[in-house]
Structures are given as C-alpha cells and as structure tokens.
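Yeah, the sequence shown ends on 73 if you go by my numbering, and it's all consecutive. Encoded as structure tokens, the structure appears first; notes follow it.
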Amino acid sequence: HRLVKAADRLSAFLKCLMEEKAANDEFHSAKETIEKSIHDLHCEEAEYYLAHFVPPYGMTLDEISR
C-alpha cells in the first residue's frame, strides 16, 4: 500500500516537473507540496527514486548522454 501511494505521488511530482519545464509556473506550488508529501512517507524506495531518477528530468538530451 505504501509503495502504491509513493508511486502515485512520484507520478504527480514528475507531471509538475514537466509542466514547469514547459513554462507553466502554476505547478510550482503543487510540486513543492507533493515533494514534501513524498518525503513525509519515509519510503526508502521513493527517496532513492527522487535521488537517482528525477534529476535527469531537468537535463537536456546532450547532458543526459554525457
């Protein structure tokens, strides 16, 4: 149950990241709220995902391929 909740929140967080990248600033507050709610779960797997898989979402293809 905890992993499903974490996955749902991670999905929402990634949606906010993509909207921000598309210059839709309306998602900034939601992103911060969702990120806090992910940390509040104290889920090791979600923390690992945030640390290792989320950073490339802010990178260009050239940066990722280095």
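Yeah, the Cβ is synthetic: ideal placement off N, Cα and C, and Gly gets one too.
Secondary structure at residue i, three-state DSSP: helix, strand or coil?
i	result
Leu48	coil
Met25	helix
Ala58	helix
Thr67	coil
His35	helix
Ala14	helix
Buried or exposed, going by whether 16 or more other CB atoms sit within 10 Å of the CB of residue i?
i	result
Arg16	buried
Ile71	exposed
Between which residues of its own chain and residue i is the CB-CB distance below 6 Å, once the five residues before and five after are set aside?
i	result
Leu48	Ala13
Out of the options, state which residue places its alpha-carbon closest to the alpha-carbon of residue i.
i	options	result
Met25	Ser72, Tyr64 and Ile71	Tyr64
Suppose the cutoff is 7 Å on Cβ atoms and the five residues either side in sequence are ignored; what does the same chain contact list for residue i look like?
i	result
Glu42	Phe20
Cys23	Phe34, Ala37, Lys38 and Ile41
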